[in-house]
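Contents: one structure, followed by commentary.
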Amino acid sequence: MKIAVVGTGYVGLVTGTCFAETGNTVTCVDIDSNKITKLMSGEITIYEPGLEKIFLRNLKEERLFFTTNLAEGINDASIIFLALPTPPGEDGSADLKYVLGVADELGKLIKPGDYKVIVDKSTVPVGTAEKVRAAILKSAAKASPTGGGLEGAAFDVVSNPEFLREGVAVEDFMKPDRVVVGSSSEKAKKLIGQLFAPFVRQGNPVIFMDERSAELTKYAANSFLATKISFMNEIAHLCELMGADVDMVRRGIGSDDRIGKRFLFPGIGYGGSCFPKDVQALVNSAADVNYDFKILNAVIEVNEKQKLHLLPKIKKYFNNNLKGKHFALWGLAFKPNTDDIREAPALYMIDALIKEGSSITAFDPEAISNVRYLIGDRIKYAESQYEALKGADALIIATEWNEFRTPDFLKIVKHLKSKVIFDGRNLFDVAAIGELGFHYESVGRDAAKTSIS
Ligand SMILES: NC(=O)c1ccc[n+]([C@@H]2O[C@H](COP(=O)([O-])OP(=O)(O)OC[C@H]3O[C@@H](n4cnc5c(N)ncnc54)[C@H](O)[C@@H]3O)[C@@H](O)[C@H]2O)c1
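Residue 117 is where the sequence shown starts when you use the working numbering, and the numbers rise one by one after that.
Here is the structure:
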């Protein structure tokens with residue numbers, strides 16, 4: 117099939133590359149000419165495990181193309197994916213200006229004799245498919261010299277929310293747990309079903325539904341997962357207050373099939389480009405229909421506080437005075453295996469520590485250049501996780517990269533001023549690290565019992 121993907125960010129680039137990998141001819145479109153120039157010359161613009169190899173292969177085999185020109189990109193495509201940003205507007209609702217802006221352009225470009233399926237992959241509020249359809253029809257009518265515009269039959273709008281996780285995006289896209297397709301058009305459903313057939317050969321379902329249900333499914337999924345995280349973070353608080361161990365509680369409840377093992381890890385809050393904005397957007401969408409989504413308001417409140425969960429512990433340890441203290445920070449990305457720093461808890465930690473008068477040297481395997489671009493020399497950056505430790509009063513861990521899990525503790529001891537670790541991701545065994553003589557504090561585990569500093 118011939119496919120266009122409009123928006124070549126985390127979702128668009130993975131989508132385009134994976135569709136090319138299954139033999140389709142894909143043209144990715146973006147307004148960022150810098151990005152497109154790099155991609156055309158074989159330079160990948162995001163870090164995502166496994167992506168570069170298939171990106172380069174499909175580029176070489178001429179199944180994957182890039183352009184800044186929308187007209188050229190969609191010209192012979194029968195399916196046009198929209199993988200555009202839907203950032204929070206001023207009030208926290210999803211801002212549809214990118215999606216509707218492209219819909220408006222499409223209205224001018226789709227010809228009456230064509231049949232094109234426009235697939236919304238962006239995370240968008242309920243009712244957006246109808247808005248996209250209306251925007252296309254309106255601009256087509258304006259653009260037509262006779263005022264006739266497009267007939268309804270020239271295109272269909274489908275909602276196909278994306279569930280990939282950054283860090284394992286290629287794997288998630290190639291072998292999705294499920295594909296959700298929201299459409300009331302049999303013709304569009306058939307086409308999209310054929311496109312996804314190679315991805316669901318193992319029997320995972322393509323679930324067809326109406327557009328509105330598909331749009332809500334995405335928000336419900338992200339909000340539910342965020343709820344699980346905030347719930348466990350509240351349990352972690354209770355563990356600290358009651359002397360219980362959240363690792364034990366997590367294992368105790370996670371082995372119940374009804375609850376499941378995943379998304380039960382407490383930490384310093386969820387971040388990223390999706391959970392924070394999607395949970396808030398669902399609260400706003402609910403308010404628009406006069407529904408007060410109480411649980412999600414609490415989820416957001418808990419998460420806001422959780423990002424700075426380590427701060428009082430650090431302050432207490434340093435007698436409430438962090439002025440002049442120097443910290444090593446491991447992890448900047450909002451989660452491991454990505455260079456994405458959007459809403460990363462590490463950034464909140466950096467801000468708070470600088471406000472307290474401290475300085476920071478940070479290391480992250482992939483996200484340093486993005487952070488440097490955002491905050492410049494407000495902090496120092498290290499070439500390695502051990503270099504970051506030099507002369508620091510304590511180590512703070514904000515992201516659970518694998519290389520942080522079993523570090524060389526002798527090197528840590530050698531470089532740190534004193535053996536102090538504040539771990540926002542519960543990477544180490546409390547008893548074992550206590551035996552090594554560290555003052556170690558984490559989330560929801562009894563620091564008082566094990567600290568021997
Ligand atoms: N990142 C994720 O893990 C993820 C997962 C599932 C769903 N989503 C959703 O997918 C959508 C895209 O997310 P993302 O993380 O890929 O965003 P992104 O910011 O990484 O990428 C968006 C791209 O769209 C481009 N763009 C903006 N306006 C354009 C226009 N008029 N024409 C062409 N290109 C344009 C931008 O330059 C950028 O490259 C969002 O709605 C997001 O909520 C994201």
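Glycine included, every Cβ here is placed at the ideal spot set by N, Cα and C.
Take residue i as the anchor and find which of the options has the nearest alpha-carbon.
{"i": "Pro-392", "options": "Glu-356, Pro-382, Asn-338 and Asn-436", "result": "Asn-338"}
{"i": "Tyr-126", "options": "Asn-542, Val-286, Leu-412 and Ile-384", "result": "Val-286"}
{"i": "Thr-515", "options": "Tyr-407, Asp-456 and Glu-331", "result": "Asp-456"}
{"i": "Asn-140", "options": "Glu-159, Leu-175, Val-395 and Phe-271", "result": "Leu-175"}
{"i": "Glu-164", "options": "Thr-454, Ala-352, Met-348 and Val-235", "result": "Thr-454"}
{"i": "Ser-389", "options": "Pro-201, Val-242, Ile-234 and Arg-294", "result": "Pro-201"}
{"i": "Tyr-386", "options": "Glu-503, Arg-458 and Asp-293", "result": "Arg-458"}
{"i": "Val-274", "options": "Val-559, Phe-443 and Ser-194", "result": "Ser-194"}
{"i": "Asp-361", "options": "Phe-381, Gly-217 and Ser-500", "result": "Phe-381"}
{"i": "Asn-486", "options": "Thr-161, Phe-182 and Gly-132", "result": "Thr-161"}
{"i": "Ile-375", "options": "Glu-356, Lys-344 and Met-364", "result": "Lys-344"}
{"i": "Val-418", "options": "Arg-173, Ala-403, Gly-283 and Gln-396", "result": "Gln-396"}
{"i": "Ala-120", "options": "Arg-179, Asp-207 and Phe-347", "result": "Arg-179"}
{"i": "Thr-153", "options": "Ser-299, Ala-210, Phe-181 and Lys-213", "result": "Phe-181"}
{"i": "Thr-239", "options": "Leu-212, Lys-258 and Tyr-433", "result": "Leu-212"}
{"i": "Leu-424", "options": "Leu-354, Ile-513, Lys-410 and Ile-411", "result": "Ile-513"}
{"i": "Glu-206", "options": "Leu-354, Asn-400, Leu-253 and Ala-313", "result": "Asn-400"}
{"i": "Ala-330", "options": "Glu-519, Asp-372 and Asn-276", "result": "Asn-276"}
{"i": "Lys-535", "options": "Thr-522, Leu-505 and Trp-517", "result": "Leu-505"}
{"i": "Asp-545", "options": "Gly-123, Leu-253, Met-364 and Asp-509", "result": "Met-364"}
{"i": "Asp-230", "options": "Glu-221, Asn-191 and Tyr-214", "result": "Asn-191"}
{"i": "Cys-355", "options": "Lys-118, Lys-151 and Ser-558", "result": "Ser-558"}
{"i": "Phe-379", "options": "Glu-302, Glu-278 and Phe-347", "result": "Phe-347"}
I'd like the span of the beta strand (DSSP E) that includes residue i, first residue to last.
{"i": "Thr-141", "result": "141–145"}
{"i": "Ile-162", "result": "Ile-162 -> no beta strand (DSSP E), and no H or E assigned at all."}
{"i": "Ser-475", "result": "475–479"}
{"i": "Lys-118", "result": "118–122"}
{"i": "Leu-216", "result": "Looking at the DSSP string, Leu-216 is not in any beta strand (DSSP E); the run it does join, the alpha helix (DSSP H), is 213–225."}
{"i": "Leu-426", "result": "No beta strand (DSSP E) contains Leu-426, which is instead part of the alpha helix (DSSP H) from 426–433."}
{"i": "Thr-202", "result": "Segment: none, Thr-202 is in no beta strand (DSSP E) and carries neither H nor E."}
{"i": "Thr-183", "result": "180–183"}
{"i": "Gly-298", "result": "295–298"}
Given a cut-off of 7 angstroms, decide if residue j and residue i are closer than it, judged by their beta-carbon atoms.
{"i": "Glu-327", "j": "Ala-251", "result": "no"}
{"i": "Val-297", "j": "Phe-315", "result": "no"}
{"i": "Leu-448", "j": "Asp-480", "result": "yes"}
{"i": "Gly-550", "j": "Leu-426", "result": "no"}
{"i": "Ile-491", "j": "Ile-476", "result": "no"}
{"i": "Val-145", "j": "Gly-189", "result": "yes"}
{"i": "Ile-226", "j": "Phe-197", "result": "no"}
{"i": "Gly-560", "j": "Ala-352", "result": "yes"}
{"i": "Phe-289", "j": "Cys-134", "result": "yes"}
{"i": "Ser-260", "j": "Lys-224", "result": "no"}
{"i": "Gln-422", "j": "Ile-384", "result": "yes"}
{"i": "Tyr-497", "j": "Ala-478", "result": "yes"}
{"i": "Ser-299", "j": "Lys-306", "result": "no"}
{"i": "Pro-228", "j": "Leu-186", "result": "no"}
{"i": "His-442", "j": "Asp-373", "result": "no"}
{"i": "Thr-184", "j": "Ser-209", "result": "no"}
{"i": "Arg-294", "j": "Pro-321", "result": "yes"}
Check for me: the alpha helix (DSSP H) holding residue i runs from which residue to which?
{"i": "Val-316", "result": "Per DSSP, Val-316 belongs to no alpha helix (DSSP H) and is neither H nor E."}
{"i": "Leu-505", "result": "Here Leu-505 belongs to no alpha helix (DSSP H), and DSSP marks it neither H nor E."}
{"i": "Ile-416", "result": "410–422"}
{"i": "Tyr-464", "result": "461–471"}
{"i": "Gly-132", "result": "126–137"}
{"i": "Val-286", "result": "285–290"}
{"i": "Ile-170", "result": "167–176"}
{"i": "Leu-448", "result": "No alpha helix (DSSP H) contains Leu-448, which DSSP labels as neither H nor E."}
{"i": "Leu-198", "result": "Run containing Leu-198: none in the alpha helix (DSSP H); it sits in the beta strand (DSSP E), 195–198."}
{"i": "Gly-189", "result": "186–190"}
Am I right that residue i and residue j are in contact with their C-beta atoms under 8 angstroms? What's the rounded C-beta distance?
{"i": "Phe-538", "j": "Lys-429", "result": "6 angstroms"}
{"i": "Gly-440", "j": "Gly-473", "result": "6 angstroms"}
{"i": "Ala-219", "j": "Val-248", "result": "5 angstroms"}
{"i": "Lys-237", "j": "Thr-131", "result": "6 angstroms"}
{"i": "Leu-445", "j": "Ala-462", "result": "6 angstroms"}
{"i": "Gly-370", "j": "Lys-377", "result": "4 angstroms"}
{"i": "Gly-654", "j": "Lys-451", "result": "No information on residue 654 is available, as it lies outside the stretch 117 to 569 that the chain covers here."}
{"i": "Ile-528", "j": "Leu-543", "result": "Incorrect: roughly 12 angstroms between the Cβ atoms, too far for contact."}
{"i": "Val-235", "j": "Ala-342", "result": "The pair is not a contact, with the Cβ atoms about 25 angstroms apart (cut-off 8 angstroms)."}
{"i": "Asp-408", "j": "Tyr-335", "result": "Incorrect: roughly 16 angstroms between the Cβ atoms, too far for contact."}
{"i": "Gly-123", "j": "Ala-199", "result": "4 angstroms"}
Ranges of the alpha helix (DSSP H) found wholly within the stretch 235–274, counting only runs of at least 4
244–259
Suppose only complete runs of 4+ residues qualify. What are the alpha helix (DSSP H) ranges in the stretch 325–404, listed by chain order?
327–358, 362–370 and 391–404
Contiguous alpha helix (DSSP H) assignments of at least 4 residues, all confined to the stretch 480–564:
484–491, 525–531 and 546–551
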